[in-house]
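Protein chains in written order, with the numbering used here: chain A, 793 to 1066; chain B, 393 to 837.
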Amino acid sequence: MAATQRKKPKLAVWKFASCDGCQLSVLDCEDELLPISELIEIANFAEASSRVIGGPYDLSLVEGSITTAHDAARIQQVRAQSKFLVTIGACATGGGIQALRNYTLVDDYVRYVYAHPEYIRTLATSTPISQHVKVDFELQGCPINKNQLVEVISAFMIGRRPNVAPYSECIDCKIKGNVCVMVAHGTPCLGPITHAGCGALCPSFNRGCYGCYGPKETPNSGSIGRWFIKEMNRDKPFVMRSIRSFYSGTEFIKTASSEFESADSEISEKSSHG
Amino acid sequence: MAERKYESQNSLDPSNASETIRVDYLARVEGEGAIYIKKRGAEVDTVQFKIFEPPRMFEAFLRGREHTEVPDITSRICGICPIAYQMSSIQAMEQAVGIQVTPTIRDVRRLIFCGEWIESHALHVYMLHAPDFLGYDDAIQMAKRFPKHVVSGLHLKKAGNDLMTALGGREIHPINLRVGGFYHLPEPNALRHMLDPLKRARDIALETVRFVSKFEFPDYAYDYEFVALSHPDEYPIHEGRIVSSRGLDISVSEYLAHFDEIHVEHTHALHSVLKSRGEYLTGPQARYYLNENKLSHTVQEAARSVNFTREDCKNPFKSIIVRSLEMLYACEEAIRILNEYEAAGPSWVPYGPRAGVGHGCTEAPRGILYHRYEIDSAGMIREARIIPPTSQNQKAIETDLLNVARKYIHLSKPQLQHRCEQTVRNYDPCISCATHFLKLEIENE
């Protein structure tokens, strides 16, 4: 090792409750992976390597949500070892689809899935990392977009803010020149309230957005829900299910979806300005 | 918390334990898991493969969702094999509502599934498994000595991912598959650009077969009951009957009559057994063993050229050769479908919801993936059951671990530990799927 060579920053990738898809995005950077590994030391990444270099770590990427007491303690240790902590994906950022348990009794879930519920230790909720520790940046998406991941790592390397737009998917859809599936086909689409980043995929494939990049900045979910009901002949449970998905563990989704919780077909105008 | 509980359950009297080896977090597998081995002098006492990935309880929260939402939700069980999860659930829904898809839709489904096999197998062969045989911690370290091979492996993986992206919108959790078919059937012209990368991928896959077959394989074999899909006309990927090497031959709908899931204390995954005979093995070795004659001439020739026979499927360390042969097959099959593809007919087959029960089973890269749903007349999910391949293989993994630990008990602790880890990685276990994760502890008494 030449003494003049700068020490490479150390990267760690951590997993909590998740499908592994977001950390797989690191390995899916087929063209960038080897160049990235020249610039940054992949010090702790269990899915990819048996080698573990101890902390502290300059950059930690955290995948998954907190669903066990053990993981609630582990995330504290991860934070303590990390200079920058970035959550990757809907589970780490919004609780994930598994946060649907937050709206019911988790014991009922455990009893449904397991013959011996007493063998299972799990928390009543699935919560985003930010509800447990300070998070330096949240990368949205189920799964994350690997180009945005490369942007986040690049931005970290030169010490600037990642250039990840917080506006709605509609903007990207317009830039792409898509026909609006909601206006032209009457298909319910969550694009207006959903964080950009996927590249407006669903409307490009002739279907409505189902919100897997989570809420954009300042979303008006009440308005879109009422549109689905009044203009597209959908009922309240449909709206509730649409909103309550991959980001179910966030306060925003909790509040936004509860407006549509009751099964009445009448929509209260009073709650429409929330 | 969960781990602490297991440890107390498995606890030995510490005063008896002369030494302990533990690997708390098994590397290069998808998900969180552990191995526990109890030694008594020169004898191996018990072996456990633990899955401590926290439960996410998909089956429970699928109830009350609309059946059309299910493929987008079940794909989230696994970021490595989302197509298998989408396809098993879609086929179950189609059975429940009583529709059959057009030949074109069937072809495009098989095509995107080929993409998933290529992407998943290339990940395992090059990034997770090959480093075990060559003595590296990971593919990045391996790339320093074998740059050409690792770069080729990444190209192969990329070809699979690009195929999934072209057809499904993206490689992880594709968005284009739906009950009845696709949201948008791609134009043949939009897929032409995939042909050249797939032809290169096919050449790399053939080189991969030659490369991995030169690895040194532990002399180990086990007479598994192999379970796989089987189809009269093709190598099974997305449909067929469920057959075994000991005479099982059933339709997918009969799955639950022949298989049981048992909830074992030390794991969050449910163990599957054949009701009549117990443990079995699913995955690439089982598929190959039961369906060798359905492979293309090129693949059979490639196997012969490296002296790989059906009997070699009984050595789980050689699963890396089978995965490589299957990649070669998947590349060829994808090229065949692409060459014949004309976007004929509708993107999806229309249907009205009706109450019913449906079963679906596909060959995920790691083995058979069974889904069953009950839907009501409004198309809402009443019951859901999902049985992933890794939980089906859990008992076979433990048997291999026991046999391997017994055979190599004379090795030094680090060597034995490595061999046990490798034994688990032979299975490409997808622990995220099976949770319903992994850790190695060898305890000497």
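Backbone N, C-alpha and C fix where the C-beta goes; we use that ideal spot for every residue, glycine too.
Residue environment: Ala-522(B) is assigned as buried (16 or more neighbouring CB atoms within 10 Å of its CB, all protein chains considered). Taking Tyr-901(A) as the centre and dropping the five residues before and after it, the same chain places the C-beta of Arg-893 closer than 7 Å to its C-beta, in chain order. Under a criterion of Cβ atoms nearer than 7 Å, no residue of chain A is adjacent to Arg-702(B); the nearest Cβ is some 32 Å distant. For Ile-443(B) and Ala-426(B), the gap between their C-alpha atoms comes out near 6 Å.
For Ser-829(A), the uninterrupted alpha helix (DSSP H) segment begins and ends at 825–831. Under the three-state reduction of DSSP, Tyr-762(B) is assigned to strand. Per DSSP, Ala-776(B) is one residue of the beta strand (DSSP E) stretching across 773–779. Three or more pairs of CB atoms, one per stretch, sit closer than 8 Å, so the stretch 805–816 of chain A contacts the stretch 828–844 of chain A. Across the structure, Gly-969(A) and Arg-584(B) are spaced so that their CA atoms are roughly 23 Å apart. Annotated three-state conformation of Asn-553(B) is helix, per DSSP. Per the C-alpha coordinates, the member of Thr-896(A), Ile-945(A) and His-987(A) positioned closest to Arg-953(A) is Ile-945(A). Interface annotation for the stretch 992–1006 of chain A against chain B: Leu-993, Cys-994, Ser-996, Phe-997, Asn-998, Arg-999, Tyr-1002 and Cys-1004, criterion Cβ-Cβ distance under 8 Å.
Only residues of its own chain outside the window of five on either side were considered, and among them Asp-768 and Ser-769 have a CB closer than 6 Å to the CB of Ala-747(B), listed in chain order. Cβ-Cβ distances below 6 Å link Val-656(B) to His-663 in the same chain, with the five nearest sequence neighbours on each side left out; the list follows chain order. Relative to Asp-437(B), the option among Glu-790(B), Ser-480(B) and Glu-631(B) whose CA is nearest is Glu-790(B).
Scanning the stretch 802–870 of chain A from its first residue to its last, the whole alpha helix (DSSP H) runs of 4-plus residues come out as 813–819 and 825–831. Taking the C-beta atoms as reference points, Ile-832(A) is found nearer than 8 Å to Lys-800(A). Nearest Cα to Asn-818(B) within the set Ala-788(B), Ile-801(B), Pro-806(B) and Gln-478(B): Ala-788(B). The three-state secondary structure of Leu-640(B), taken from DSSP, is coil. Just so you know, the alpha carbons of Arg-1033(A) and Tyr-765(B) end up roughly 19 Å apart. Within chain A, Cys-811, Asp-812 and Gly-813 have C-beta atoms less than 9 Å from the C-beta of Cys-470(B), given in sequence order. Identification of chain B residues near Cys-934(A) by a Cβ-Cβ cut-off of 8 Å yields Arg-468 and His-565, ordered along the chain.
Residue pairing of Val-635(B) in beta bridges, as defined by DSSP: Ala-620(B) and Asp-641(B). For Gln-440(B), the three-state secondary structure derived from DSSP is strand. Assigned with DSSP and collapsed to three states, His-751(B) falls in strand. For the pair Gly-675(B) and Ala-434(B), the Cα-to-Cα distance works out to about 33 Å. If you look at Val-604(B), you'll find it in the alpha helix (DSSP H) that goes 587–605.
The beta carbons of Leu-559(B) and Gly-507(B) sit closer together than 8 Å.
Inside the stretch 638–708 of chain B, DSSP marks whole alpha helix (DSSP H) runs of 4 or more residues at positions 647–650, 676–683 and 689–697, from first to last along the chain. A distance below 8 Å between beta-carbons, with the five flanking residues on each side excluded, links Thr-494(B) to the following residues of its chain, in chain order: Gly-573, Ala-736, Gly-737, Pro-738 and Val-741. Out of Arg-913(A), Ile-880(A) and Ser-857(A), the CA that lies nearest to the CA of Leu-941(A) is found in Ile-880(A). For a Cβ distance threshold of 7 Å, residue set Ile-889 of chain A lies close to Ile-465(B), ordered along the chain. Counting of Cβ neighbours within 10 angstroms places Val-975(A) among the exposed residues, the total staying below 16. Taking a Cβ-Cβ threshold of 9 Å, none of the residues of chain B is close to Tyr-959(A); the smallest such distance is about 20 Å. Membership of Lys-966(A) in the alpha helix (DSSP H) is indicated by the continuous run 961–968.
No Cβ-Cβ contact shorter than 8 Å links Ile-472(B) with Leu-520(B).
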